[in-house]
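Following: one structure in structure tokens, then a few remarks.
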Amino acid sequence: MKHIGILQALEHEPAEPIQYRLRLDDEKIALNELLGQRIEISFLDEYRCIYCGRKTKKFYGKNNSCYPCFRDLPENDLCIVKPELCHYHQGTCRDATFGEHHCMQPHIVYLALSSDIKVGITRKTNMMKRWIDQGATQAVAIMEVPSRKDAGDIEVILAQHVKDKTNWRKMLKNETADCDLLATRAELVAKLPEPYHAYLIPDPEIIPLTYPSLSTLEKITSLSLDKQATISGTLIGVKAQYLILDSGVFQVRKHAGYKVAFAV
Ligand SMILES: [Zn+2]
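Using my numbering, the first residue of the sequence shown is number 1409, and each one after it goes up by one.
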């Protein structure tokens, strides 16, 4: 079978293991049942902005935007990568309605285990999605705060003691540090300034996450449609936003907006 469309970020649902779907425009292709099969993804030489769908000669910024969306959308503002720089309170948010729905909402500061332990933040309603997108195998919430900026301020403090980045090669090789999330959480809490303690979540539980996988790669080769027009191999796993093939790994989100043909 062959499908043609604009590639979107992978969609997933928490389950044992997590259920993944590849999206091409509005079409959804269940990936778990394709494990063990040979797949092929070919670039059809067309880029579409992931926000407005407009054709563009190239993408701007990291989110695969056309130029007007890169320049104007709040999703492409610096505060999206650095939440501590949120400027909603100064009345300068690029889109106040977006700010109210996306940022001025309860946020969770969490610890996740993807390669090593890392600290991160997410909108409360987006928590599970965020953990899966990062390829976490375990996660635990630390605190709930009223806004994204509050979460960003706390993340800056905690990131002095624990990483805030994932080593994606280790994550894809399933090389996970042997860590006790609850013990690390207790150590970090002891370092938090007292006024923040009111936001701690009492007795949080560790959430385990299992990804579809047939086997693990020894060596990680990154596959990109910018370097080769066609990518192919046997699908041996899906984790975070990656398709894991026996020939290498393909980061789907990085290719959102690319027009492709997908064949099984
Ligand atoms: Zn656009």
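Cβ coordinates follow ideal geometry from the N, Cα and C atoms, glycine included. Quantities reported herein were computed from a predicted structural model and do not represent experimental measurements.
query                                                                                                                                                                           : result
Can you round the beta-carbon distance between G1645 and L1622 to whole angstroms, since I take them to be within the 8 Å contact cut?                                          : 6 Å
Below 8 Å on the Cβ atoms is my contact criterion, and I expect G1507 with P1482 to pass it. Report the Cβ-Cβ distance as a whole number of Å.                                  : 7 Å
What is the rounded straight-line gap between the Cα of A1669 and the Cα of K1581?                                                                                              : 28 Å
Flag R1456 as yes when its Cβ comes closer than 6 Å to any non-hydrogen atom of ligand 1, and as no otherwise.                                                                  : no
Return the CA-CA distance between H1515 and R1556, expressed in angstroms with no decimal places.                                                                               : 6 Å
Expressed to the nearest angstrom, what Euclidean distance is found between the alpha-carbon atoms of E1618 and E1421?                                                          : Sequence inspection shows Thr at residue 1618; the Glu mentioned does not correspond to that position. Spanning the two alpha carbons is a distance of roughly 11 Å.
With a cut-off of 8 Å, do at least 3 Cβ pairs link the stretch 1539 to 1559 to the stretch 1592 to 1609?                                                                        : yes
By DSSP, does M1536 sit in helix, in strand, or in coil?                                                                                                                        : helix
Which first and last residues belong to the alpha helix (DSSP H) in which R1593 is found?                                                                                       : L1589 to K1599
Write down the C-beta distance between V1517 and A1559 rounded to the nearest angstrom, noting that I regard them as a contact closer than 8 Å.                                 : 5 Å
Write down the C-beta distance between F1451 and L1653 rounded to the nearest angstrom, noting that I regard them as a contact closer than 8 Å.                                 : Between L1653 and F1451 the Cβ distance is about 16 Å, and since that is not below 8 Å, they are no contact.
Is there at least one non-hydrogen atom of ligand 2 closer than 6 Å to the beta-carbon of Y1459?                                                                                : Absent from the structure shown: ligand 2. Ligands present: ligand 1.
In chain order, what are the residue ranges of uninterrupted alpha helix (DSSP H) at least 4 long that sit wholly in the stretch 1443 to 1521?                                  : 1475 to 1480, 1486 to 1489 and 1504 to 1510
In the DSSP assignment, what are the bridge partners of V1570?                                                                                                                  : Its beta-bridge partners do not exist; DSSP assigns none.
If we count Cβ pairs, one from each stretch, closer than 8 Å, do we get three or more for the stretch 1562 to 1573 versus the stretch 1523 to 1536?                             : yes
With a floor of 4 residues, list each alpha helix (DSSP H) that falls wholly inside the stretch 1627 to 1664, ordered by position along the chain.                              : none
Please classify M1583 as buried or exposed, where buried requires at least 16 other C-beta atoms within 10 Å of its C-beta.                                                     : Note that residue 1583 corresponds to Glu in the displayed sequence, not to Met. Flag for E1583 reads exposed.
Could you tell me the boundaries of the alpha helix (DSSP H) in which M1579 lies?                                                                                               : W1576 to L1580
With respect to 6 Å, is the separation between the Cβ of C1587 and the closest non-hydrogen atom of ligand 1 below this value?                                                  : no
Let me check understanding here. Comparing Cα to Cα, which of I1458, K1436, P1425 and L1418 lies closest to G1665?                                                              : I1458
Taking 6 Å as the cut-off, does the CB of C1494 come closer than this to any heavy atom belonging to ligand 1?                                                                  : no
Distance check for R1531 and Q1682, CA to CA, integer angstroms please.                                                                                                         : No answer is possible for residue 1682: the residues shown for the chain start at 1409 and end at 1672.
Does DSSP put V1672 in a helix, in a strand, or in coil?                                                                                                                        : coil
Label C1474 either buried or exposed according to how many other C-beta atoms from any shown protein chain fall within 10 Å of its C-beta, with 16 as the threshold for buried. : buried
Taking 8 Å as the limit between beta carbons, can you name the residues of its chain near H1411, skipping five residues before and five after?                                  : L1432, E1435, I1437, A1669, F1670 and A1671
Just checking my contact of Q1427 with L1643 at CB under 8 Å: how many whole Å lie between their CB atoms?                                                                      : Contact flag wrong, Cβ pair sits at about 14 Å.
According to the neighbour-count rule (16 or more other Cβ atoms, all chains shown, within 10 Å of its Cβ), is A1520 buried or exposed?                                         : buried
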